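Notes follow once the structure below has been shown.
Numbering (the numbering used here), first residue to last: 28 to 535.
Pasting the structure below:
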């Protein structure tokens, strides 16, 4: 490839660039051929050469059809070890000049990539062989990227093999990591290391969960969950507090990210402690400096935890907590959108978009808690703020969300509250377009049809008794009966619901 190029036009940077292009095109065999040809021509690979090779191989997710290329990666690692041995053994200043000072901090990056490659290939014993071949400390001791690669390999493994052994291995790696962090001034902890260790420890024993809570306290600066009282199996739900300026928790050693928070909530639920997931979510809400990383997907995880807990404790405090979160998310979306119109590229992301599923989760929780007030509060917040719903061109709740609202109105609402549910659906009735056309109904999937049928049944049941949605004054007179338009709207809604049920029966 460079055969016709003059010698003075060839240098290690040119060869590295050529290898990089081969890897970008996923030409793994060609990249190794170029690597070999480069050495044959007398050019000595540097750390960036090895990093380029390993970085290319690290993009392979399934090594099953690439056994030959895996052999190439092993060969590259063997040559890299010899290169690092020369670097370690250098004592003469003139020899030390052979390795650029800037490469010292970069020296083990290819090792971290190789560990990831071995993990994806299922070579777990080799992963630890590579780790133990490194110096315990010093310039060639494990770097933060080596620790994070190891922990990520174990996190990917924890659900598919011997969980107890994987958890034990992860704790050993974490202890080594913390020892390096405490003894080396320039050592740091990568966020993905925290993400991985939380994932692993959540699969362990109660003592492993305690270690997870300690890490979240000592490394992430989050408050420890209070101990569960004797005779109880979950933490009591505390009301959502206004932002606090408390400094009782230590300064975080790792900047919390949206992904770490998501892993915290998932791991607490996976560990059978949804109450602790609620605790951490509320702790994040209590700290204004962490608000920017809160996302609707965290709300959905919080709602899932509340739904599990509601099986034993269906207190309205849960649904009120959900409504407070929805209100905050909607307000955050509105403020972000306004900021994006007033500033330039530095503005906050425009809008916080809650999916239909998240809103349905919130209303389902209200149904479990028999809390019609919170349900109506959530429905109004969403319907009055279209940007908070996944469909940007619609201001309606999903069919599933409406079903939860009307089923709740049947069992736990006063006539006034039921009438408000009907008014909301009449005002935001785009979700009912399929009720007026047999062709539109036929286009729905089986799951969508069942959702519409469930809503139609709830509407018919709610409206079958006129007194169920009537509004009475202090003298007991029916004020609703005076409003002919409102009565006609309810009658029309009931007619459409019955029409939908008739179409459903004829299609079955």
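Where a beta carbon is used, it is the ideal one built from N, C-alpha and C, also for glycine.
This one's a predicted model, so the numbers in the text were calculated from it and none came from an experiment.
Remark: C-beta atoms of residue 392 and residue 410 do not approach each other more closely than 8 Å. Just so you know, the alpha carbons of residue 452 and residue 246 end up roughly 48 Å apart. Rounded to whole angstroms, the gap between the alpha carbons of residue 195 and residue 251 is 23 Å. Cβ neighbours of residue 291 within its own chain (closer than 7 Å, five residues either side excluded): 225, 243 and 307. Of the candidates 332, 433 and 407, 407 places its Cα closest to the Cα of residue 354. Distances from the alpha-carbon of residue 426 to those of 444, 471, 466 and 464 put 471 closest. For residue 198, the closest alpha carbon among the candidates 148, 221 and 211 is that of 221. Taking each of 332, 325 and 281 in turn and checking the Cα distance to residue 303, the smallest one comes out for 332.
Residue range 285-297 is occupied by the alpha helix (DSSP H) that includes residue 289. Burial is judged here by how many other beta carbons sit within 10 angstroms of a residue's own beta carbon; residue 398 has at least 16 and is buried. Between the alpha carbons of residue 110 and residue 297 lies a gap of roughly 44 Å. Residue 59 places its beta carbon 8 Å or farther from that of residue 93.
Ranked by Cα distance from residue 154, the options 450, 83, 177 and 238 are led by 177.
Counting only residues of its own chain and dropping the five nearest sequence neighbours on each side, residue 335 has a CB closer than 8 Å to the CB of 296 and 301. According to the DSSP assignment, residue 441 belongs to no alpha helix (DSSP H), since it is labelled neither H nor E. Between the beta-carbon of residue 156 and that of residue 207 there is about 19 Å, and that puts the pair past the 8 Å contact cut. The three-state secondary structure of residue 336, taken from DSSP, is helix. Distances from the CA of residue 313 to each of 210, 293, 192 and 351 were compared; the closest alpha carbon is that of 351.
Rounded to whole angstroms, residue 359 and residue 318 show a C-alpha spacing of 9 Å. Between the alpha carbons of residue 325 and residue 289 lies a gap of roughly 6 Å.
Here the alpha carbon of residue 484 sits roughly 30 Å from the alpha carbon of residue 328.
A distance below 6 Å between beta-carbons, with the five flanking residues on each side excluded, links residue 347 to the following residues of its chain, in chain order: 401. Nearest C-alpha to residue 88 among 67, 459, 140 and 69: 140. Rounded to the nearest whole angstrom, the C-alpha separation of residue 282 and residue 49 is 36 Å.
Of all alpha-carbon atoms in 436, 525, 72 and 240, the one lying nearest the alpha-carbon of residue 113 is that of 72. Rounded to whole angstroms, the gap between the alpha carbons of residue 491 and residue 389 is 27 Å. The beta carbons of residue 322 and residue 285 sit about 5 Å from each other, so the pair counts as a contact at 8 Å. Between residue 441 and residue 316, the alpha-carbon positions lie close to 41 Å from each other. Note on geometry: alpha-carbon atoms of residue 209 and residue 280 lie some 12 Å from one another.
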